[in-house]
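The working numbering puts the sequence shown at residues 73 to 186. In what follows, a single structure is set out as C-alpha cells and then discussed.
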Amino acid sequence: MTRLLFWIALVILVVMAVRSKVRAALARAQHGGMQGGAHGGVHGAGPMPGMGAGAGPGVGARADYGRVEDASERMTSCTRCGIYFPASEAVREGGRDYCCAAHARQQAADMPGA
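The structure is reproduced here in C-alpha cells:
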C-alpha cells in the first residue's frame, strides 16, 4: 500500500513540475523573455487552456501564439556559404542574398563574365 501511495505522490509531483515549466515558458514567450522577479515568470502568466481559472479549452492561447509569430523575422540563406540569417541583415547583390559583403564580392569574382 505504501508503494502505491509513493507512486501516486511521485506522479502528482511530476505533473505539477511539468505544469510549472509550461507556464514559465509561456510567460517568457508572451513577454519576450524579459519576465523577471523572484517568481520565475510563473505568476501573472494568465490562465492556460484546460488548467482552471475558468478558462475553457483554447481560450486566449491562439492570440498569444499569434503575437509571437508577428515578432519573428524571415530567415534567408547566403548564396555563397548557405548559412541562414535574418533577412534584414542580408547583403543583396545581383538579386541574391549574402551573409556579408566579402561573400558577395567572392561570388561576383567567381561568376563567369564578371
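Each residue gets a CB set at the ideal place from its N, CA and C atoms; glycine is no exception.
- In the three-state reduction of the DSSP assignment, E165 falls in the strand class.
- Membership of T74 in the alpha helix (DSSP H) is indicated by the continuous run 74–102.
- Relative to E145, the option among F157, R152, C153 whose CA is nearest is F157.
- Comparing alpha carbon positions, the residue from L76, Y170, E165 closest to T151 is Y170.
- If you draw a 10 Å sphere on the C-beta of R95, you find 16 or more other C-beta atoms in it, and that means buried.
- Assigned with DSSP and collapsed to three states, S160 falls in helix.
- Rounded to whole angstroms, the Cβ separation of V163 and C153 is 12 Å, and the two are not in contact under 8 Å.
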